[in-house]
Structures are given as C-alpha cells and as structure tokens.
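Input: a single structure, listed below in structure tokens.
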Amino acid sequence: MGPSGKGLRILQRIASQRPQTVEGERCDMCAVPIADAHQHVVNVSERHLMCVCRGCYLLFTDDTAELRFRAVPDRYLSFPNFALAPGRWDELEIPVGLAFVFRNSALGRTIAFYPGPAGATESELPLAAWDDVLAANPALTQLSADTEALLLRVPEHGGEAECFLVPIDACYQLVGELRRLWRGFDGGQDARRAIDTFFDTVRSRSRVAKEPS
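The sequence shown begins at 1 in this note's numbering and counts up by one.
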C-alpha cells in the first residue's frame, strides 16, 4: 500500500476513535450530560439559574452556609388564610394581577417580577407596603432567600387573592412559557389558559403552610 493509502487508514482510525458528540443538556458545573428534567442552583451574585446534575446540586443544599451558589428546593406551600387588604395590591405598584416575589440576599431587598410580552419585568416593592402584607400574613416570612418565591395572583374581577410558596425555577418556567404565548395587552386566551394550568399544578403539589406559633 502506498503512502497515501496508509495515511488514509490512519485518518479513518482516528475518526473512529473520536469521542461521540453527546446531544442534550449538560451540567453547567461539571459538564456531565443531564436529563431534560433536572435540578437547578442559583448563582447568588450573578442572579441567574444554573442547570446541574444531582451530584452538583447536593453540594449546595445547606441553606445556612455562606455560599455563592444555592440549591433550589422542591417545596410547594399554600396559604389558605392569605389576606390582602383592599387597595394593597395597588400600593405594591404591580400593574398586572400576577407576580412572584423573592428576597435577593446579594442586594438586600425584596423584588417582584411580573410577566409580560418581553418576559419578566422587575419591580422593587415599596418597603412599607410589603411590610404591611407580611404583618397581615406572618407565615410568609418562612420564604428562603434567592431560591424560593411567593407566587401571588389577584383576580381581575373580584374574588380572593391567592398566594403560594414555590421554587423560583418554577416561576421562571412560567414566565418563559407566557413570553412564548403572550398576545396583545393582556396576554390573550392562550396565556390565560397557561396561567390557569400552572396554578392547578401548584395547588396539587402544595401542602398547607404551618402558621407561626
């Protein structure tokens, strides 16, 4: 066999030994392949979610430690006695009837996000108005900073406001879906159906929160 034939065999052998490309998502920390359904940690300083494998997730589950990353827990709580005084929602300066609220430890303040055609819009809550909500609902103070959110919904045409404690990644999942479906000023029928379906799922997964003694 001539030199060119020998070189071709070497190239074929190298190609056959080349690592196969792995399709799908990988852990943002260690790069191992992960399933479509996976867990998340929050990069606290940079304020974003990271997709991680189970091993990396478990490294950051101690919520009492001073960590740059925090694992997002899988906790869903309902607050059947949630009370929102008339006019309180307007005082919170949230222009739509749906928002999720969380405590940002890096910034040292409570922040609300609400959905819209551009995704999630951030709103810094008026401190006095939010303190009044917490005073009327002391069970809400068990919220974990950075990794959990209070999901609030106020019906447009009357009815009782709802509040749930949910993992913060669930909120971002909802916002992403609404961004895809949103039409017009109020979101349209598809967005409203997605919100209803999401709340049905949250209700089914939630256990009633314990009231502080």
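Glycine residues also receive a C-beta, built at the ideal position from the N, C-alpha and C atoms.
No experiment lies behind these values; they were computed from the predicted model shown.
Helix, strand or coil at residue i according to DSSP, with G and I counted as helix
i      : result
Cys51  : strand
Ala35  : coil
Glu124 : strand
Ala209 : coil
Ala129 : helix
Ser204 : helix
Whole-angstrom C-beta distance between residue j and residue i, which should lie under 8 angstroms
i      : j      : result
Leu151 : Phe100 : 5 angstroms
Pro167 : Pro33  : The pair is not a contact, with the Cβ atoms about 23 angstroms apart (cut-off 8 angstroms).
Asp146 : Phe198 : Rounded, the Cβ-Cβ distance is 22 angstroms, inconsistent with contact.
Val36  : Val52  : Here the sequence assigns Asp to residue 36, which means Val is not the residue at that position. About 14 angstroms separates the two Cβ atoms, so there is no contact after all.
Glu93  : Pro126 : 6 angstroms
Leu181 : Ala209 : About 30 angstroms separates the two Cβ atoms, so there is no contact after all.
Val44  : Ser105 : 6 angstroms
Leu84  : Val133 : 7 angstroms
Residue i versus the options, residue with shortest Cα-Cα distance
i      : options                           : result
Tyr57  : Val154, Tyr172, Ala71 and Tyr76   : Ala71
Gln39  : Glu25, Glu46 and Ser45            : Glu25
Ala161 : Asp62, Arg54 and Trp89            : Trp89
Ala149 : Ala112, Arg54, Asn137 and Phe185  : Ala112
Thr110 : Gly97, Trp130 and Glu93           : Trp130
Ser204 : Leu77, Arg153, Ala139 and Ala135  : Leu77
Phe82  : Ser123, Leu125, Val96 and Val154  : Val154
Ala136 : Ser123, Pro86 and Phe69           : Pro86
Gly97  : Arg192, Glu124 and Leu59          : Arg192
Asp63  : Cys30, Glu91 and Gln142           : Gln142
Gly55  : Ala31, Glu46 and Arg47            : Ala31
Phe69  : Leu84, Arg75 and Leu49            : Leu49
Val202 : Cys171, Glu91, Asn43 and Glu211   : Cys171
Glu124 : Leu107, Asp196, Asp132 and Leu134 : Leu107
Ala194 : Arg207, Cys163 and Pro115         : Pro115
Asp186 : Ala65, Ala128, Pro95 and Val41    : Pro95
Leu59  : Pro212, Glu46 and Val42           : Val42
Glu91  : Thr61, Ala65 and Ala128           : Ala128
Cys211 : Leu140, Thr61 and Gly159          : According to the sequence as given, residue 211 is Glu; it is not Cys. Residue Leu140 is the option with its Cα nearest to Glu211.
Run through the segment 131 to 202 for me and flag every whole beta strand (DSSP E) of 3 or more residues, listed as ranges in chain order.
-> 148 to 153 and 162 to 167
What residue ranges within the segment 54 to 87 form continuous alpha helix (DSSP H) runs of no fewer than 4 residues, ordered along the chain?
-> 54 to 58
Flag this pair as touching only if the segment 166 to 180 and the segment 119 to 134 have three or more C-beta atom pairs under 8 angstroms; answer yes or no.
-> yes
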